[in-house]
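In the working numbering, the protein residues as written are 1099 to 1362.
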Ligand SMILES: C[S@@+](CC[C@H](N)C(=O)[O-])C[C@H]1O[C@@H](n2cnc3c(N)ncnc32)[C@H](O)[C@@H]1O
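Following this line, the structure appears as structure tokens:
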């Protein structure tokens, strides 16, 4: 599959999204592994960088319990924006220094600063993402390298895999709060919990968010066309395919979304 050219991938996506939406939503067919995902540099270069929209890379959360009313500008991706707001729900945010680890294209940092009025920075391994974030959200700070001991709350929004790095985990200062929301297979969930135990971290919260994420994806897909009339349909379709595929993984029980709050 990796040997497909970009054109072949696009054709495949176009075929799948044109013919199989209903079947996928009803889990009657099984998709192959996604060949594009929202962290993919190809997706960024082709469908984000120069396009007049600001997608996030998480898949959304349809469970609104933060007190915020979203500004009109943030109603373009309500589920995804809400997923970020949910990270700091009931977390003490002052005088916290917060780092969004794997901040991607940077919108999550901007959302948290805007609504919670917190001191939050972003880090991502991809320099092009960080350049885009700094350009798009100039009031914020995004880096490719930081000293994580400068922060006492670390956020992992769909970037939990970073916690499996020994180097990374060993450099986290004691007393740091880790807030994680990500999809887990049964295996990765077990490994994750083992790692928490081995590191003697304290799990303050464990919450299954699968239903709320699935509902958000369904709403996202169903309202895409209406929300993004001004965006080329191939771009919207590529994004839609990723959401459909993610939904499928949840529907067949391959993955579940969990939120963890962990004290180191
Ligand atoms: C699924 S995306 C989530 C992005 C963002 N949190 C959001 O929800 O919109 C995961 C991000 O982690 C970043 N990433 C992967 N490995 C990393 C590493 N070693 N250090 C920092 N960021 C990394 C990827 O570049 C990608 O932007």
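Heads up, the beta-carbon is just placed ideally off N, CA and C, and yes, glycines get one too.
For residue 1155, which option in 1178, 1345, 1299 has the closest C-alpha, if you only look at C-alpha atoms? 1178
Is residue 1137 near ligand 1 - that is, is its Cβ less than 8 angstroms away from at least one heavy atom of it? yes
What is the rounded straight-line gap between the Cα of residue 1214 and the Cα of residue 1236? 18 angstroms
Under a criterion of Cβ closer than 5 angstroms to any non-hydrogen atom of ligand 1, which residues qualify, in chain order? 1137, 1154, 1155, 1156, 1200, 1202, 1222, 1223, 1224, 1255, 1256, 1257
Can you list, in chain order, the residues of its chain whose CB lies under 6 angstroms from that of residue 1357, leaving out five sequence neighbours each side? 1279, 1305, 1307
Assess, as a yes-or-no matter, whether the stretch 1186-1196 is touched by the stretch 1255-1270 under the definition of 3 or more beta carbon pairs within less than 8 angstroms. no
Could you check whether residue 1348 and residue 1311 sit closer than 9 angstroms to each other, using their CB atoms as the reference points? yes
Cα-Cα separation, residue 1141 to residue 1189: 33 angstroms
Determine the DSSP secondary structure at residue 1277, reduced to helix, strand or coil. strand
Could you tell me if residue 1350 is buried or exposed, where buried requires 16 or more neighbouring beta carbons within 10 angstroms of its beta carbon? exposed
Is the beta carbon of residue 1334 sitting closer than 9 angstroms to the one on residue 1322? yes
Anticipated Cβ contact below 8 angstroms, residue 1340 with residue 1210, distance rounded: About 24 angstroms separates the two Cβ atoms, so there is no contact after all.
Quickly, what does DSSP pair residue 1382 with across the bridge? List them, please. There is no way to answer for residue 1382, as the model of the chain reaches only from 1099 to 1362.
Which residues DSSP lists as bridging residue 1301, in chain order: 1360
Can you give the Cα-Cα distance for residue 1122 and residue 1319, rounded to whole angstroms? Reliability of the predicted coordinates at residue 1122 is poor, the pLDDT of 42 falling under 50, and no value is obtained from them.
When you compare each of 1289, 1230, 1257 to residue 1277 by their alpha carbons, which one comes out closest? 1257
Quick check: the Cα distance between residue 1342 and residue 1316, rounded to an integer number of angstroms? 8 angstroms
In angstroms with no decimal places, state the Cα-to-Cα distance between residue 1328 and residue 1171. 15 angstroms
Given a cut-off of 9 angstroms, decide if residue 1204 and residue 1175 are closer than it, judged by their beta-carbon atoms. no
Cβ of residue 1275 within 9 angstroms of Cβ of residue 1206? no
Please classify residue 1355 as buried or exposed, where buried requires at least 16 other C-beta atoms within 10 Å of its C-beta. buried
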